[in-house]
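Numbering (my numbering), first residue to last: 3 to 113.
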């Protein structure tokens, strides 16, 4: 099955490969048997999509308020509860890394 999401992932990977290769777009397409017009089309689509997502995420970021004393239930259960501005609530294990939390918040705020 070739869903639009799989297509975008495929082209995102190809675009990254082309950029890392140091080859021109034209040469890369010839070597990989790709249509030049499709490469440019997906480059434009994905660049637009990425810039919109970054702006949306940046606009939605708000300071995190940390309560000085967490509820007893949270301390006992080892939970970390996130309530985002878009209404999504998450309960995570307290040992979740900051990197994982950041990635999760970025994804959830982009919804």
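A virtual CB, placed ideally from N, CA and C, is assigned to each residue, including glycine.
With which residues is residue 91 paired in a DSSP beta bridge? Looking at the DSSP assignment, residue 91 forms a beta bridge with 85.
Hey, would you say residue 38 sits closer than 7 Å to residue 31, going by beta carbons? yes
Mind checking which residues open and close the alpha helix (DSSP H) that includes residue 32? 27–33
When the Cα of residue 14 is compared with those of 35, 41, 29 and 100, which residue comes out closest? 41
Neighbourhood of residue 96 by C-beta, 7 Å cutoff - its chain only, sequence neighbours within 5 removed: For residue 96, where only same-chain residues beyond five positions count, the Cβ hits under 7 Å are 80, 81 and 82.
Which residues in the same chain as residue 48 place their Cβ atom closer than 7 Å to its Cβ, once the five residues preceding and following it in sequence are excluded? If the five residues before and after residue 48 are omitted, its C-beta is found closer than 7 Å to the C-beta atoms of 10, 13, 14 and 17, all from its own chain and listed in chain order.
Can you tell me whether residue 20 is buried or exposed? The criterion is at least 16 other CB atoms within 10 Å of its CB, across all chains shown. The C-beta of residue 20 has 16 or more other C-beta atoms within 10 Å across all chains shown, which makes the residue buried.
With distances taken between CB atoms, is the gap from residue 90 to residue 110 smaller than 7 Å? yes
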